[in-house]
Amino acid sequence: MNPHGRKVKPEELIVDLAKDAVGLIAGTESITEEIIMKLPPLKVISRCGVGVDNVALDAAKRLEIKVFNTSDAPTVVVAKLTVGLILNLLIIVSRMDREIRNEHRQKRMGNLLCRKKIGIVEFGRIGRRVAELLIPFGCEIVYADPFV
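This is the structure we're talking about:
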């Protein structure tokens, strides 16, 4: 894992983190052929997220390094964030929080989520999960997706 809490430079990845690794968990860092060649014990690369376009797949294949992704990993987190942002907009939580902290509280009326019609563009993994989270609120879900 990345102890730096930021996107690391390839040199840091090699020197600090992976020089003796047989497995590598990659985020958005580019795992180039140069990096792969400098990690002889490496047997597997797992990419956190859907894509593997930041991994030199030809080099990995040539060196018999298996490459995986975690396609479902972001689904729940992104769906929860989406519902949280919807609630924030309806209830104006952020604005009220700012006003209270600045001691300028004004009476405001938020809005309720129940019985709202929610439109979702693309009804893939994340869109479906957002719908599942909104149904208990009594929302009517409509979606647009040419593949569904």
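Residue numbers (numbering that gives the first Met the number 0): 0 to 147. We treat Cβ as the ideally placed atom computed from N, Cα and C, and that holds for glycine.
Asked: In this structure, what does DSSP give as the bridge partners for residue 120?; Found: 143
Asked: Taking C-beta to C-beta, are residue 82 and residue 129 nearer than 9 Å?; Found: yes
Asked: Given a threshold of 16 other Cβ atoms within 10 Å of its Cβ, counted over all protein chains shown, does residue 113 qualify as buried or as exposed?; Found: exposed
Asked: Considering residue 82, what are the terminal residues of the alpha helix (DSSP H) in which it resides?; Found: 72-90
Asked: Excluding the 5 residues preceding and the 5 following residue 195 in the sequence, name in chain order all residues of the same chain whose CB lies nearer than 8 Å to its CB.; Found: Here the chain comprises residues numbered 0 to 147, so residue 195 is not present and cannot be evaluated.
Asked: Please name the residue or residues paired with residue 23 in a DSSP beta bridge.; Found: 44
Asked: For the 8 Å Cβ check, are there 3 or more pairs between the stretch 88-104 and the stretch 55-64?; Found: no
Asked: Rounded to whole angstroms, what's the CA-CA distance from residue 141 to residue 40? Just pull it up for me.; Found: 50 Å
Asked: What are the start and end residues of the beta strand (DSSP E) that includes residue 65?; Found: 65-68
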